[in-house]
Each structure stands twice: as structure tokens, then as C-alpha cells.
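To start, the structure itself, in C-alpha cells.
In the working numbering, the protein residues as written are 529 to 730.
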């Protein structure tokens, strides 16, 4: 498993920001959502007031929308304020594109869509992803590794594994702990140091 550092995340987002699919990459890094979940996300599943996304469906490789079946996969994810602000701006951009396209616009209701409102297929997102990743000069990771990056950075910040597990939609916390076992030893040491500092001041 390969993940980005905080600096690499910042470096990539700076390069990707001018691309119209920027919101897809931002969502991957700030929510840990799977690619299909991002491409299948509809505006009606975003609660701007409470800064929450409700993950309920996914876009398949063939471009079909499928409802998520398991309770763990169907989940709410809290959003950072920055992501909410970017979603608001992105929505305004789509409304502008819709007015320009006129009758030819097909409103899919999806957050990530083409200039004509239609679905963005996974392979087309990948094409943009590879191009921007290489342009940013960061470690060559897969799109799916943005999900791993999200989880790893959260765990390193001391976020409880159960919270990370819920955000990722894992069936159990055990899946999360097994997947990110390489991070846990470092967390143990950091926790011990922090506890010692609290008790003994060093």
C-alpha cells in the first residue's frame, strides 16, 4: 500500500484545483469515499447545513447506478468546512454550465458529471487522475490509494480507528485495523509518549 504525505496531498490539490473534476479528488482525500461512491454521489445526498454526505449509491464500471446494500456501506460522512465550500462553488459552476448547454443538458443530479450533465465514467476519471498526478510530481499511487491516504493521515492524527472505520464503510473495525496495521505501532508509541508526558511532564 502506497500513500501520500500531507505535503504531497497539498501539492497535488494545488495542481488539480483548476481542473473541473477537482471536486472528485478533494472528496476522495477528505472523505475516504470509494471512486464509484464519488461518481455516484447525488446532490440530494448532501446536507450542506450539517456538513454531511450520505453515501447511498455507487457508479459501476459500466456507468450504472447501484444502491449500496450493506448497512456499513450506506453511511453518513462528516465534511470539513473547506470541502463544503468547494462543493458550493462546484454547484454554481454546474449551474452555469447547464445554462450554457441549454436543451442539450442532461441533468443526472450527480455531483461529478460532464459539462452536459451526464455521468463521468470511471475510466475517464482515471485518465484525468493520471495526468494530474504526473503533473504534480508526487508519488505514483492509484486513485484508490487516496482512500488509504485519507485513513492513514486520520489515524496518524490520533483519530479513533472506529471513527475511521465508519467513514470508510468497513464492515467492522477489525477490517480497518488489519488494513492499516502498519500505522498502529506508531500510534501505540505516540500514545505511550503522550500518556507519560501527561503523568510525569516528560
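We treat Cβ as the ideally placed atom computed from N, Cα and C, and that holds for glycine. Computed from a predicted structure; not experimentally measured.
Helix, strand or coil for residue i? Go by DSSP, reduced to three states.
| i | result |
| --- | --- |
| residue 685 | coil |
| residue 700 | coil |
| residue 609 | helix |
| residue 575 | strand |
| residue 530 | coil |
| residue 648 | coil |
| residue 680 | helix |
| residue 562 | coil |
| residue 709 | coil |
| residue 655 | helix |
| residue 661 | helix |
| residue 695 | helix |
| residue 587 | strand |
To the nearest angstrom, how far is it from the Cα of residue i to the Cα of residue j?
| i | j | result |
| --- | --- | --- |
| residue 542 | residue 660 | 10 Å |
| residue 584 | residue 559 | 14 Å |
| residue 573 | residue 601 | 14 Å |
| residue 718 | residue 625 | 49 Å |
| residue 540 | residue 578 | 28 Å |
| residue 642 | residue 657 | 15 Å |
| residue 532 | residue 695 | 19 Å |
| residue 674 | residue 609 | 19 Å |
| residue 589 | residue 538 | 29 Å |
| residue 603 | residue 665 | 34 Å |
Using the Cβ count rule (16 or more neighbours within 10 Å means buried), how would you classify residue i?
| i | result |
| --- | --- |
| residue 650 | buried |
| residue 693 | buried |
| residue 682 | buried |
| residue 561 | buried |
| residue 565 | buried |
| residue 631 | exposed |
| residue 620 | exposed |
At least one CB of chain B closer than 9 Å to the CB of residue i: is that the case?
| i | result |
| --- | --- |
| residue 594 | Looking for chain B here will not work: only one protein chain is present. |
Can you tell me where the alpha helix (DSSP H) holding residue i begins and where it ends?
| i | result |
| --- | --- |
| residue 669 | Residue 669 -> no alpha helix (DSSP H), and no H or E assigned at all. |
| residue 638 | No alpha helix (DSSP H) holds residue 638; DSSP gives it neither H nor E. |
| residue 537 | 534-544 |
What are the boundary residues of the beta strand (DSSP E) that includes residue i?
| i | result |
| --- | --- |
| residue 580 | 580-583 |
| residue 595 | 593-595 |
Any heavy atom of the ligand ADP closer than 8 Å to the beta-carbon of residue i?
| i | result |
| --- | --- |
| residue 626 | This structure lacks the ligand ADP, and indeed carries no ligand of any kind. |
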